[in-house]
Amino acid sequence: MEPPVRLASTGTIIHGVSVGEVLGVSTLADARLIAGESGLGRIVQRLNVMEVPDILAWVKPHELLLTTGYPLRNTPQSLGRLVADLDERGLAALAIKLGRYVDELPGEMVEQADRLGFPLILLPNDVGFDDILNQVLTDILNRQAAVLARAEEAHRALVQVVLAGGGLDEVTAEVAKLLDVAVAAVDGSGRVLATAGPDDHVRALRESITREGLLTSRARTPAARARAFASVPVLAGGHHHGRIVAYSPAAAIRDSDVGILERAATVAALVVTRQEAVNAVESKYRADFLRDVLTGRAGTPERVTARARAFGWDLSRPVTVLVAELDPEGDERSAQDRLVSCWTAAIRRHDPRGAVAGFSHEVVAVVDAAIDASRVAKDAASAFADVPPATFSTGTSRPSPGAETLPEAYSQALKAARVGRQLHGPGAVAHFDQLGVYRLLSLVNDTDELHAFVRETLGPLASDDDAENADLRRTLQSLLETNLNVAETARRLHFHYNTLRYRIGKLERLLGNFTDDPHLRLNLTLALHVLRMRGI
């Protein structure tokens, strides 16, 4: 029966020494490496002695296996397979004494060890296993103690950063000092938030992040104990906030260094969540203030300008108001949060002095009137589209000369967003001045009066109680758009000429003689426009 493969250690030792370092201890001064030189970097975390035939069932990863060859004395043919079996189980190396039970190792075994990078060590006959065990285990435990002490020192230093109110700049600076590497804190989109370390090394790290995107943490394997790059995720509250990335031009980052990076990532998560809490409070103050400005309750223009300046906003210049509203459907809460983030980032890129805030169902931005509002909306939509299927519609106001006219501009942008969605569907971008007759209709505050006008003008066609009503309205719309050109309307609707003449007769019986009454045609056109704006 095949012995079980043990791929995970059950011990508590998590650090060790390399096979090359083991060969440097005094008890192994006369030991000789037979094969597997490329595996000298394998890590030894424990030692074991093979003096029973079924040793494979008991070995563990990262072990240095010592043997006199006693279990193999009667089955030398099994030596050829032994190296592959031990390598498969993750052992670090095999050290053997020759001469007493096994005279020499077969060439096949040596070749296989070289191919797999599995070190085979010839032990001197005058050294006892107990001496080797004592000295190597002492070195391993000392190494682990040193690593733990270093990690504890790093933990204290990083916690002190948080207690002192430090941010990501201070965290990266502390890690760079502890590990003597270049360090960067990167957000989830790959934007570098903070860096520390020698300028040339930081520059190389930035270039690597830009070129390769977010570097992922490499697996901790004996063959890759030292590396040039390492990164760990910053996780908080179940959310991925980015990574802490380190770079060593000498490729000297080891697993113990990755452990310190993981502690730094935990501290960075605390910094991020703390900053998010602060941002949430500040965001509420900003939103409340901007809402007051847009509803005319924020006070005099001078007071508005002064308070806006405290938020980094410039509302004293000519500005344009943009309103972005989520289109129906989708997870509104999570989509609203993303909408605010995307618009905030877009305004920061296009107008750092622009104001932006998220309300309960919309995002409002106030930007320099000289900026192309459609480009800003397109930029925000591009980022928002990374996580479908939610979309939003955007409305743009006329230029506003100052803070006192912002309430009117806000109303224009809001109407443009809602009318634009009705006319062009989800994801529309509409300017108030481009709404045509819909702009005039949207200025009528008494919507009940508008709907009464529709009912009086269209009569039974104003409702969808009859399935034929929508079809007749479409026919009427096409007739009015073609200026009563019957042939063109028949072509558009794919009707026979006589069928259309019959429909015109039916429409005139319902609505009146609109073919001869231009005033009635105007009323019908307006009524159809109002009906199309239903819900606004």
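If you read the sequence shown in the UniProt record's numbering, its first letter stands for residue 1, the second for the next number, and so on. In this text, a Cβ means the ideal position worked out from N, Cα and C, and glycines have one as well. If you're wondering where the values come from, they're calculated on a predicted model, not measured in any experiment.
Inset, instruction - Within 10 angstroms of the Cβ of residue 104, are there 16 or more other Cβ atoms? Answer buried if so, exposed if not. - result: exposed
Legend entry - Residue environment, residue 337, which counts as buried when at least 16 other CB atoms sit within 10 Å: exposed
Legend entry - residue 540 vs residue 402 beta-carbon contact at 9 Å: With the chain running from 1 to 536 in the structure shown, residue 540 is simply not present.
Inset, instruction - Whole angstroms is fine: what's the gap from residue 321's alpha carbon to residue 257's? - result: 50 Å
Legend entry - Whether residue 47 touches residue 136 by CB criterion (9 Å): yes
Inset, instruction - Please determine, among 263, 354, 531, 339, the residue with the shortest C-alpha to C-alpha distance to residue 451. - result: 531
Inset, instruction - Please say whether residue 244 and residue 172 have beta carbons closer to each other than 9 Å? - result: yes
Inset, instruction - Find out if the Cβ-Cβ distance for the pair residue 527, residue 419 is shorter than 9 Å. - result: no
Legend entry - Residue span of the beta strand (DSSP E) that contains residue 395, given as start and end: 392-396
Inset, instruction - Using alpha carbons as the reference points, say which of 67, 495, 285 lies closest to residue 93. - result: 67
Legend entry - Residue environment, residue 523, which counts as buried when at least 16 other CB atoms sit within 10 Å: buried
Legend entry - Cutoff 6 Å; reference residue 215; Cβ partners in own chain excluding five residues on either side: Only weak support exists for where residue 215 lies, its pLDDT of 49 falling under 50; the value from the coordinates is given anyway. Only 229, 231, 245 meet the Cβ criterion.
Inset, instruction - Quick one: using the 10 Å Cβ neighbour count with 16 as the cut-off for buried, is residue 107 buried or exposed? - result: exposed
Legend entry - Per DSSP, the bridge partner or partners of residue 93: 64
Inset, instruction - From the DSSP output, in three-state form, read off residue 120 for me. - result: strand
Legend entry - Residues near residue 304 by beta carbon distance below 7 Å, same chain, minus five either side: 293, 298, 315, 403
Legend entry - Euclidean distance between Cα positions of residue 138 and residue 150: 18 Å
Inset, instruction - Using 10 angstroms around the beta-carbon of residue 222, count the other beta-carbons present and answer buried if the total reaches 16, otherwise exposed. - result: With a pLDDT of 42 at residue 222, under the threshold of 50, the modelled position of this residue cannot be trusted; read the value that follows with caution. Answer is buried; the Cβ neighbour count reaches 16.
Inset, instruction - Could you pull out every residue in the same chain whose Cβ sits closer than 7 Å to the Cβ of residue 521, ignoring the five residues on either side in sequence? - result: 480, 514
Inset, instruction - Use the C-beta contact count for residue 375: other C-beta atoms within 10 angstroms, 16 or more gives buried, fewer gives exposed. - result: exposed
Inset, instruction - Take residue 271 as the anchor and find which of 169, 358, 318 has the nearest alpha-carbon. - result: 169
Legend entry - Cβ neighbour criterion (16 or more within 10 Å) applied to residue 240: exposed
Inset, instruction - Give the secondary structure of residue 523 by DSSP, where H, G and I count as helix, E and B as strand, and everything else as coil. - result: helix
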